[in-house]
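Residue numbers (this note's numbering): 44 to 262.
Don't be surprised by glycine CBs; every beta carbon is placed ideally from N, CA and C.
See structure below.
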């Protein structure tokens, strides 16, 4: 069976996205207290926290669904011009890329020197973002029982595997990997984007727990 592997570190407390070591989970009030313990200050009027993160002054929002935290959102407190925001974006991309806790979902998100982000955002509504997967669970950590539960959901039975051709086994491995990507790895995205215009560009950053996100259950 051909499967692609990734070595990552699972968040110690729970296999969900973590922000500064805090699982993106639980109640909003508990999350705010944990962030305050990290040095952030809470403004009850704005319902935001402020502080320094990765060397920058930021505003932090805690987003919930069904009383469970599913997103930590950060926004640069101070804006900057087009040239500097490109440098900031690329620096963040390289910082995440060098961190063993993350896997780049798109390795081509880096911005070139000639990229006209102001024009592209205004005229062509282009979105500049980079997505990383936090601490993807290693393939070898899946037990045989978990593997077969997944394979059975994909239509495979243990007694049929020995009859598969090599090509079919490769296909089965790819389907297994796709399932893990969709149902495990993509549940823990950390991503950032550029917003703004002129001399007032900012980075927005998101630490998402997709397990707690709205999934159409209220429709």
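Whole-angstrom C-beta distance between residue j and residue i, which should lie under 8 angstroms
i           : j           : result
residue 145 : residue 236 : Going by Cβ atoms, the distance from residue 145 to residue 236 rounds to 16 angstroms, so no, they are not a contact pair.
Minimum C-alpha distance to residue i - residue among the options
i           : options            : result
residue 94  : 83, 137, 208, 195  : 83
residue 240 : 233, 168, 211, 192 : 168
residue 231 : 204, 179, 189, 202 : 179
residue 113 : 74, 249, 256, 262  : 256
residue 121 : 163, 199, 115, 98  : 98
residue 100 : 142, 262, 247      : 247
residue 116 : 262, 251, 260      : 251
residue 173 : 126, 194, 137, 262 : 137
residue 162 : 133, 126, 142      : 126
residue 198 : 210, 215, 249      : 215
residue 147 : 261, 238, 234      : 234
residue 223 : 86, 201, 194       : 194
Span separating the alpha-carbon of residue i from that of residue j
i           : j           : result
residue 61  : residue 149 : 21 angstroms
residue 78  : residue 185 : 32 angstroms
residue 213 : residue 220 : 11 angstroms
residue 44  : residue 81  : Here residue 44 scores only 31 on pLDDT, less than 50, and its place in the model is too uncertain to base an answer on.
residue 70  : residue 245 : 28 angstroms
residue 217 : residue 158 : 35 angstroms
residue 66  : residue 59  : 6 angstroms
residue 165 : residue 124 : 15 angstroms
residue 151 : residue 90  : 35 angstroms
residue 68  : residue 104 : 14 angstroms
residue 63  : residue 74  : 12 angstroms
residue 203 : residue 181 : 26 angstroms
residue 140 : residue 130 : 15 angstroms
residue 111 : residue 254 : 10 angstroms
residue 225 : residue 154 : 27 angstroms
residue 192 : residue 208 : 21 angstroms
residue 259 : residue 107 : 15 angstroms
residue 196 : residue 206 : 19 angstroms
residue 102 : residue 118 : 5 angstroms
residue 227 : residue 176 : 10 angstroms
residue 190 : residue 243 : 49 angstroms
residue 135 : residue 183 : 30 angstroms
residue 238 : residue 92  : 20 angstroms
residue 49  : residue 143 : Note that residue 49 has pLDDT 32, beneath the 50 cutoff, so the model's placement of it is unreliable and no number is given.
residue 133 : residue 249 : 16 angstroms
residue 210 : residue 261 : 42 angstroms
residue 88  : residue 128 : 29 angstroms
Residue(s) in a DSSP beta bridge with residue i
i           : result
residue 93  : 84, 102
residue 107 : 112
residue 248 : 117, 235
residue 257 : Residue 257 is not bridged to any residue.
residue 123 : 244
residue 62  : 65
residue 73  : None; residue 73 has no bridge partner.
residue 145 : 177
Proximity test, residue i beta-carbon vs the ligand MN heavy atom, cut-off 7 angstroms
i           : result
residue 106 : This structure lacks the ligand MN, and indeed carries no ligand of any kind.
### Message
As an exercise, report each continuous beta strand (DSSP E) stretch of at least 3 residues that is fully enclosed by the segment 163 to 205, in chain order.
### Response
172 to 177
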